[in-house]
Every structure is written in structure tokens, then in C-alpha cells.
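Notes follow once the structure below has been shown.
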Amino acid sequence: MLTEDDHEYDQAVGTPVSQVVVDAYFEIDFYEHVAETIHVFGNQEDFHDLPQSIQHVLVDMCFNLGAPRLAKFKNMLSACREHDWTQMAIQMEDSRWYNQVGVRSRNLQTMVLNVPKS
Numbered sequence: 012m013l014t015e016d017d018h019e020y021d022q023a024v025g026t027p028v029s030q031v032v033v034d035a036y037f038e039i040d041f042y043e044h045v046a047e048t049i050h051v052f053g054n055q056e057d058f059h060d061l062p063q064s065i066q067h068v069l070v071d072m073c074f075n076l077g078a079p080r081l082a083k084f085k086n087m088l089s090a091c092r093e094h095d096w097t098q099m100a101i102q103m104e105d106s107r108w109y110n111q112v113g114v115r116s117r118n119l120q121t122m123v124l125n126v127p128k129s
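Take 12 as the starting number for the sequence shown in the working numbering and just add one per residue.
Here it is in C-alpha cells:
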């Protein structure tokens with residue numbers, strides 16, 4: 012997301028931007044959402060111990076919902092911390108978010124359900 016301090020901020024909509032600049036903004040935005048997700052999850056080490064697909068699901072949800080709303084998924088996060096992927100998927104479905112975002116939520120839920128049992 013552009014801020015007033017960014018060179019491109021005052022440019023007209025549709026002004027070409029190089030792929031290098033686009034990639035740089037994406038990387039900044041991505042890592043900000045990873046940090047927010049870890050903050051919501053509560054422990055960086057435990058977050059990094061999660062299967063990569065679960066990390067992706069949580070970061071995607073944080074990007075879509077924002078950290079404050081992701082934090083309201085208390086039962087889902089609890090199931091995630093316990094590596095109970097079935098319960099995590101159930102808790103994802105038990106929300107307004109699940110129906111509001113349509114196929115995206117179902118794809119994320121499928122990712123959770125496809126994590127091998129440990």
C-alpha cells in the first residue's frame with residue numbers, strides 16, 4: 012500500500028510502475044502481514060513450526076480480514092496451536108467470513124484438511 016512518503020503516491024492512476032517497484036511493495040506488504048499473523052498467533056517459534064500450508068492459510072486470512080478480525084477466530088487459532096486440523100477447518104467454516112469470501116475460504120479450508128496427520 013502506498014503512503015504519502017512513497018514516490019508513486021502523487022502519480023496519476025494508471026501511471027506505469029516498474030515490476031521491480033511492484034515487487035518491492037508486495038514484499039513489504041507481505042512481510043508486514045506475516046508479522047501481524049505471528050503477533051496474532053502469539054509465538055514466532057510455534058508459528059514457524061506449523062506446516063507451511065497452515066502458515067499460508069493464516070497469512071492469507073490475516074491479509075483478507077486484518078489482524079484484529081483474525082484474532083477473533085479464537086477457537087480456530089486454539090485448534091491450530093494444538094495441530095488439530097479437522098477442528099481448525101470446522102472453526103473456519105463456523106464464521107461469516109467463510110460465506111462472505113466464497114471459494115477462497117473453501118480453498119483455504121481444503122489446504123487445512125490436506126495437511127498430513129502427525
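By construction, the Cβ of each residue, glycine as well, lies at the ideal position given by its N, Cα and C atoms.
Check your understanding: Sorted by chain position, which residues of the same chain lie with C-beta nearer than 6 Å to Pro62's C-beta, five sequence neighbours on each side aside?
Key -> Val126.
Practice item. Specify the secondary structure class of Phe84 as computed by DSSP and reduced to three states. Key: Reduced to three states, the DSSP call for Phe84 is coil.
Point to revise | Spatial distance of Leu76 from Gln120 (CA atoms) | key: As the crow flies, the alpha-carbon of Leu76 is around 15 Å from that of Gln120.
Review point. Hey, Ser106 and Phe84: beta-carbon distance below 8 Å or not?
Key: Between Ser106 and Phe84, the gap from beta carbon to beta carbon is short of 8 Å.
Practice item. Could you name the residues of the same chain whose beta carbon sits closer than 7 Å to that of Met87, not counting the 5 residues immediately before and after it, in chain order? Key: Cβ within range, chain order: Met99, Gln102 and Met103.
Review point. From Leu81, Glu43 and Arg92, pick the residue whose C-alpha is nearest to that of Phe58; which is it?
Key: Closest by alpha carbon: Arg92.
Point to revise | Identity of the residue in Arg80, His50, His94 and Leu81 nearest Ile65 by Cα | key: Selected option, being the one with the closest Cα: His94.
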